[in-house]
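Undergrad: Numbering (UniProt numbering), first residue to last: 1 to 607. Heads up, the beta-carbon is just placed ideally off N, CA and C, and yes, glycines get one too. Sharing a structure with you now.
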């Protein structure tokens with residue numbers, strides 16, 4: 001007889017293999033649906049593999065990776081409790097629809113890269129990124145699943161799915177974040193063209209292609225070919241060094257090719273592709289209680305129900321995951337009946353669940369409100385009286401909040417720096433002789449956290465000062481609470497003890513400079529010394545004391561770590577500096593309420 005965890009009510013078996021089974025269940029306390037992966041006792045190697053997977057998942061927390069609730073080991077065997085979600089694997093989406101639109105393919109790649117970046121930030125390399133390990137949810141967003149063969153960076157890499165394996169995996173060389181970049185780019189080629197970059201039934205020929213052949217990009221859209229060539233470089237050192245860097249390059253290419261609203265179009269296209277496969281959603285036939293996943297339109301995280309058969313890792317796919325779609329669609333999906341178990345949870349190799357560790361080991365009920373969708377828009381305008389040209393000033397735009405007034409407040413705060421940049425250009429144009437030339441302004445914009453509670457964005461302002469002067473106007477970081485629409489200040493973020501001279505000295509010691517390419521070193525930036533307490537506060541404009549300018553030093557929250565942005569502007573190259581560290585290093589300096597909202601990686605609970 002199969003053993004069962006106490007505290008859960010089993011609803012349906014999703015898959016079974018020689019070593020165990022995967023079931024859809026409910027947490028009896030909260031009613032939250034979960035996927036439980038059971039391994040029977042007697043196979044010490046399989047139990048160790050499942051334990052290793054749980055440890056890997058316990059290292060990271062990301063909205064782009066599915067959620068781990070609990071790891072249980074006892075006399076009967078071992079089990080991982082994962083978040084169960086609605087969605088269809090990218091493998092099923094591609095099988096059904098073939099090639100995706102460029103925007104949809106870019107959106108899948110971006111979501112996966114953000115999940116991989118979170119793994120890379122804690123030293124974990126996935127090693128088996130493939131369409132079966134990506135779940136497209138009903139809202140058009142995607143999640144990364146199955147860390148069953150993940151390793152710490154530098155570990156042996158002869159594992160994976162051959163058609164997506166990087167050259168170093170074929171050689172058995174150590175895995176690195178660049179290994180995942182290669183595999184993700186392979187999948188991107190498949191998404192945007194409908195074909196795999198290298199395809200042959202002969203394993204030796206396939207290996208030779210990955211090791212030596214140039215990828216064919218003739219049917220990749222022209223503006224995206226360089227992304228493919230960079231991501232699939234044979235030498236890991238010639239690829240983007242990790243997923244986070246690749247996201248930046250992707251964003252730049254996507255906006256240049258498809259405009260600032262490309263993500264919104266991608267979301268719509270992916271949602272349509274996913275809901276066409278609603279019969280495969282694991283929760284499609286399961287009535288979901290109010291407050292649990294789905295019925296209120298809530299987002300449900302992800303959880304692939306993969307990996308219990310005894311075959312080698314990479315031989316099969318993983319389950320489906322995703323976020324709930326609108327209420328009307330869920331009602332329709334529920335009426336359609338049962339899902340196809342093989343499509344919703346393919347029983348695969350050496351284990352593969354996914355994501356966040358919950359500190360008490362019990363699934364927490366998901367938030368009742370739907371998740372916000374955060375995309376980057378672009379402002380391109382020509383203004384007259386005086387003449388100003390706004391060129392690719394990018395800013396985040398939030399949609400999907402239940403309260404329209406709250407959504408307007410959030411978007412006003414996020415766009416505020418662009419509006420202030422335009423106002424500054426207007427003042428400049430009326431105060432100097434521009435000799436008939438427009439003031440051209442734009443932004444260098446980095447989007448950090450994009451929910452579920454905080455959205456954080458970093459702006460560095462660009463201006464040609466109508467070619468009459470040098471220097472940047474400076475920059476801002478805006479972090480907004482999606483529940484209140486309020487912009488956070490240093491006093492909201494840091495403990496009171498941090499906002500003292502001693503506290504700032506400790507902040508300097510814990511958060512070193514992380515210079516970007518060609519960025520000046522702090523110690524080369526004059527005799528003023530390091531940043532100090534006053535830099536965290538707003539200050540008066542020296543040219544117009546009636547105006548208040550934002551702080552020069554700002555906390556910036558990213559999916560992979562904590563940053564401080566020093567944004568003073570000027571022309572000496574010292575007004576756009578980056579400092580950063582892991583969240584773990586600065587938790588003691590932050591308010592507990594902020595810490596609770598940040599990505600973290602506590603160990604999975606054991607019982």
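Can you find the residues in the same chain that come closer than 6 angstroms, C-beta to C-beta, to residue 464, ignoring five residues on each side of it along the sequence?
TA: For the purposes of this step, residue 464 is taken as residue 464 along the chain shown, with counting starting at 1. Around residue 464, the same chain offers 440 as residues with beta carbons nearer than 6 angstroms, after the five sequence neighbours per side are excluded.
Undergrad: Would you mind sorting residue 396 into buried or exposed? The rule is 16 or more other CB atoms within 10 Å of its CB.
TA: Numbered from its first residue, the chain shown carries residue 396 at position 396. It counts as buried.
Undergrad: Just mark residue 70 as buried or exposed, buried being the case when its beta carbon has 16 or more other beta carbons within 10 Å.
TA: Looking up residue 70 in the chain shown gives position 70. Buried is the call here.
Undergrad: Please list the terminal residues of the continuous alpha helix (DSSP H) segment that includes residue 190.
TA: Within the chain shown, the letter at position 190 stands for residue 190. Run containing residue 190: 177–193, per the alpha helix (DSSP H) assignment.
Undergrad: For residue 72, tell me which candidate among 461, 24, 36 and 473 has the shortest Cα-Cα distance.
TA: Taking the chain shown and counting its residues from 1, the one referred to as residue 72 is at position 72. For residue 72, the nearest C-alpha among the options comes from 36.
Undergrad: From what residue to what residue does the alpha helix (DSSP H) around residue 430 run?
TA: Here residue 430 refers to the residue found at position 430 of the chain shown. Taken as a continuous stretch (DSSP letters only), the alpha helix (DSSP H) holding residue 430 covers 404–431.
Undergrad: Would you identify the three-state DSSP class for residue 440, choosing helix, strand or coil?
TA: For the purposes of this step, residue 440 is taken as residue 440 along the chain shown, with counting starting at 1. Three-state DSSP puts residue 440 in a strand.
Undergrad: State the DSSP-derived secondary structure class of residue 609, mapped to helix, strand or coil.
TA: Any answer about residue 609 is impossible in this case: the structure gives the chain only from 1 up to 607.
Undergrad: Could you tell me which of 126, 202, 38 and 550 sits nearest to residue 4, measuring between CA atoms?
TA: Here residue 4 refers to the residue found at position 4 when the chain shown is read from its first residue. The shortest Cα separation from residue 4 among 126, 202, 38 and 550 belongs to 38.
Undergrad: DSSP three-state label for residue 459, please.
TA: Here residue 459 refers to the residue found at position 459 of the chain shown. In the structure shown, residue 459 sits in a strand (DSSP, three-state: E or B).
Undergrad: Look at the alpha carbon of residue 189 and the alpha carbon of residue 179, and state the distance between them as a whole number of angstroms.
TA: Numbered from its first residue, the chain shown carries residue 189 at position 189. Numbered from its first residue, the chain shown carries residue 179 at position 179. Distance between the alpha carbons of residue 189 and residue 179 is about 16 angstroms.
Undergrad: DSSP three-state call for residue 308: helix, strand or coil?
TA: Taking the chain shown and counting its residues from 1, one reaches residue 308 at position 308. Only weak support is given to the placement of residue 308: the predicted model assigns it a pLDDT of 28, under 50, and the question is left unresolved by the model.
Undergrad: Once you ignore the five residues that flank residue 170 on each side, which residues in its own chain have a CB closer than 7 angstroms to its CB?
TA: Position 170 of the chain shown, counted from the first residue, corresponds to residue 170. Once the five neighbours on either side are set aside, the close Cβ partners of residue 170 are 207, 210 and 211.
Undergrad: Going by the CB atoms, is the gap between residue 493 and residue 579 shorter than 8 angstroms?
TA: One-based indexing of the chain shown puts residue 579 at position 579. One-based indexing of the chain shown puts residue 493 at position 493. Contact: no.
Undergrad: Run through DSSP, which three-state label would residue 524 get?
TA: As a first step, residue 524 must be located in the chain shown, where it is residue number 524. In this structure, residue 524 counts as helix in the three-state DSSP scheme.
Undergrad: Would you tell me roughly how many angstroms separate the C-alpha atoms of residue 31 and residue 83, rounded to the nearest one?
TA: Position 31 of the chain shown holds residue 31. Position 83 of the chain shown holds residue 83. Separation of residue 31 and residue 83 (C-alpha to C-alpha, rounded to the nearest whole angstrom) is 12 angstroms.
Undergrad: Can you have a look at residue 411 and say buried or exposed, based on whether 16 or more other CB atoms are within 10 angstroms of its CB?
TA: The sequence position of residue 411 within the chain shown is 411, counting from 1. It counts as buried.
Undergrad: Which of helix, strand or coil does DSSP assign to residue 221?
TA: The sequence position of residue 221 within the chain shown is 221, counting from 1. Coil, per DSSP.
Undergrad: Just the Cα atoms here: how many angstroms apart are residue 186 and residue 558?
TA: Within the chain shown, numbered from 1, the residue matching residue 186 stands at position 186. Within the chain shown, numbered from 1, the residue matching residue 558 stands at position 558. If you take the alpha carbons of residue 186 and residue 558, they lie about 26 angstroms apart.
Undergrad: Label residue 593 either buried or exposed according to how many other C-beta atoms from any shown protein chain fall within 10 Å of its C-beta, with 16 as the threshold for buried.
TA: For the purposes of this step, residue 593 is taken as the residue at position 593 of the chain shown. Taking all protein chains in view, the Cβ of residue 593 is surrounded by fewer than 16 other Cβ atoms within 10 Å, so the residue is classified as exposed.
Undergrad: Under the rule that 16 or more other beta-carbon atoms within 10 Å means buried, what is residue 300, buried or exposed?
TA: Here residue 300 is taken as the residue at index 300 of the chain shown, counted from 1. In this prediction, residue 300 has a pLDDT of 29, which is less than 50 and means its spatial position is unreliable; what the coordinates show is noted afterwards. With 16 or more other Cβ atoms within 10 Å, it is buried.
Undergrad: Is residue 120 near residue 33, with beta carbons less than 8 angstroms apart?
TA: Locating residue 120 in the chain shown gives position 120, counting from the first residue. Locating residue 33 in the chain shown gives position 33, counting from the first residue. No. Outside cutoff.
Undergrad: Output needed for residue 434: all residues of its chain with C-beta closer than 6 angstroms, excluding positions within five of it in sequence on either side, in chain order.
TA: Taking the chain shown and counting its residues from 1, one reaches residue 434 at position 434. Excluding sequence neighbours, residue 434 sits near 466.
Undergrad: Who are residue 554's beta bridge partners in DSSP?
TA: By 1-based counting over the chain shown, the position of residue 554 is 554. Residue 554 is bridged to 565.
Undergrad: Please determine, among 24, 423, 8 and 7, the residue with the shortest C-alpha to C-alpha distance to residue 15.
TA: Your numbering for residue 15 matches position 15 in the chain shown. Nearest C-alpha to residue 15: 24.
Undergrad: Mapping DSSP to helix, strand and coil, what is residue 207?
TA: Within the chain shown, residue 207 is the residue found at index 207, counting from 1. Residue 207 falls in the helix class under three-state DSSP.
Undergrad: Cutting at 6 angstroms between CB atoms, please list the residues of its own chain near residue 535, excluding the five before and the five after it.
TA: Start at 1 with the first residue of the chain shown, and residue 535 comes out as number 535. Hits under 6 angstroms: 552 and 553.
Undergrad: Give the DSSP bridge partners of residue 247, in chain order.
TA: Against the chain shown, residue 247 aligns to sequence position 247. Paired residue(s): none; residue 247 is not in a bridge.
Undergrad: Indicate the three-state DSSP secondary structure (helix, strand or coil) for residue 533 in the structure shown.
TA: Here residue 533 is taken as the residue at index 533 of the chain shown, counted from 1. If DSSP states are grouped into helix, strand and coil, residue 533 belongs with the helices.
Undergrad: Might you give, ordered along the chain, the residues of its own chain that have their beta carbon closer than 8 angstroms to the beta carbon of residue 103, omitting 5 neighbours on each side?
TA: Reading the chain shown from its first residue, position 103 is the one you call residue 103. Around residue 103: 254, 258, 262, 263, 265, 266 and 269.
Undergrad: Would you mind giving the Cβ-Cβ distance between residue 445 and residue 589, rounded to the nearest angstrom? I have them listed as a contact below 8 angstroms.
TA: Sequence index remark: in the chain shown, residue 445 carries index 445 (1-based). Sequence index remark: in the chain shown, residue 589 carries index 589 (1-based). That pair is no contact at about 26 angstroms.
Undergrad: Excluding five sequence neighbours on each side, which residues of the same chain lie with their C-beta closer than 8 angstroms to the C-beta of residue 7?
TA: Numbered from its first residue, the chain shown carries residue 7 at position 7. Excluding its 5 nearest sequence neighbours in each direction, residue 7 has C-beta neighbours in its own chain below 8 angstroms: 27, 28, 29 and 362, listed in chain order.
Undergrad: Could you pull the start and end residues of the beta strand (DSSP E) that residue 37 belongs to?
TA: Stepping through the chain shown from its first residue, residue 37 is reached at position 37. 33–40 is the extent of the beta strand (DSSP E) around residue 37.
Undergrad: List the residues that DSSP assigns as beta-bridge partners of residue 143.
TA: On the chain shown, position 143 is the one that residue 143 refers to. DSSP output for residue 143 lists 135 as bridge partner(s).
Undergrad: Provide the residue(s) that pair with residue 373 in DSSP beta bridges, ordered along the chain.
TA: By one-based count along the chain shown, residue 373 stands at place 373. Bridge partners of residue 373: 399.
Undergrad: How long is the line joining the alpha carbons of residue 172 and residue 425, rounded to whole angstroms?
TA: Taking the first residue of the chain shown as 1, we reach residue 172 at position 172. Taking the first residue of the chain shown as 1, we reach residue 425 at position 425. In a straight line, the C-alpha of residue 172 is about 56 angstroms away from that of residue 425.
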